[in-house]
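A.B. asks: Okay, here's the structure, questions in a sec.
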Amino acid sequence: MPELPEVETTRNGIAPFVENQIVSQVIVRDGRLRWPVTADLNNILVGKTITAVKRRAKYLLLETDSGTLLIHLGMSGRLRVLSEAVPPAKHDHVDIAFANGMTVRFTDPRRFGAVLWTKQDPASHPLISHLGPEPLSDDFNGRYLFDRSRKRQVSIKTFIMNAEVVVGVGNIYASESCFMAGIHPQITAGRLTRKQADKLAECIKIVLGKAIAAGGTTLRDFRDSEGKPGYFAQELLVYARQNMDCRQCGHPIELIRQANRATYFCPICQKR
DNA sequence: ACATTGACCTGGGAGC
DNA sequence: TGCTCCCAGGTCAATG
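What follows is the structure, encoded as structure tokens:
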């Protein structure tokens, strides 16, 4: 479900309710996520103040002055801010309750998500230390993309979805960015020209920025922390639009599979 | 080092 | 209605 814009939308939603609040209780109803939820999380967090809610790649970082709670939403994860009186439903695996009466509730039907405590600096955590730059930072640009892609044999669409190259670009925004840049998703990464690298890096920033502004993309079940959908689905140029007319040239959008993921593109606007 | 594939897990929709 | 099959927004680990 969530790519960078959806995670950022979630961060924006929970931060005002959580920052500077004191944890009163943590309830783990089902700790069987991608990795087991850190044991004894209640004892670890009770009484601690969440000093900031940050994001690195698709991880949400709830910081305290003695460690950080890493939360990943996986494919189907969601965080909501609720009154703690709201009864839990199926798949509501973890509650973090605060002294102000609000609860952050982690829901994840597929259980690909993660809730992990670390005392380390999160930047050096094994799940994070190997990750590439943030796409919206100045560290990510055409020169970087060009340099990193030299001699790489994978398709450009698969390449930009590699989190060691750049984080946050998932399956929706990879197709969208290639279309906006006029780049065929199947071209070999190593054959990207410098000009194309500039264009693609720029388009990734534009697409992600617009998606964040729209509150993310809701295809089926993404909801923000208040339960509202994201509106970027209305602005999608190619994703989930197979056989529909290209918004730019009118030719039917095509659907192929790359690395076992759906790719959408326009064969006229995106030449090989 | 790089590329490819399977695995994790549940629910929803299509087709019969 | 109900069964089977396929698909899904992520990413790690194993394999060659």
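Counting from 1, position 161 in the first sequence corresponds to residue 175 in this note's numbering; the numbering is continuous, with no gaps.
C-beta atoms are modelled at their ideal positions from N, C-alpha and C, and glycine is treated no differently.
Apart from the five residues on each side of it in sequence, which residues of its chain come closer than 7 angstroms, Cβ to Cβ, to residue 178?
C.D. replies: 144, 145, 146
A.B. asks: Pull the bridge partners of residue 131 from the DSSP assignment, please.
C.D. replies: 83
A.B. asks: Do residue 191 and residue 112 have their C-beta atoms closer together than 9 angstroms?
C.D. replies: In this structure, residue 112 does not lie closer than 9 angstroms to residue 191 by Cβ.
A.B. asks: Just the Cα atoms here: how many angstroms apart are residue 126 and residue 87?
C.D. replies: 7 angstroms
A.B. asks: Excluding the 5 residues flanking residue 237 on each side, which residues of the same chain have their C-beta closer than 7 angstroms to its C-beta?
C.D. replies: Once the five neighbours on either side are set aside, the close Cβ partners of residue 237 are 92, 243.
A.B. asks: Please state the DSSP three-state secondary structure of residue 169.
C.D. replies: strand
A.B. asks: Only counting the same chain, and skipping five residues up and downstream in sequence, which positions put a Cβ closer than 6 angstroms to that of residue 160?
C.D. replies: 208, 211
A.B. asks: If I measure Cβ to Cβ from residue 43 and keep anything under 6 angstroms in the same chain, skipping five residues before and after, which residues do I get?
C.D. replies: 107
A.B. asks: Just curious, the beta strand (DSSP E) that residue 279 is in, first and last residue?
C.D. replies: 275-279
A.B. asks: Using 9 angstroms as the threshold, is the C-beta distance between residue 129 and residue 75 below it?
C.D. replies: no
A.B. asks: Please state whether DSSP places residue 220 in a helix, a strand or coil.
C.D. replies: helix
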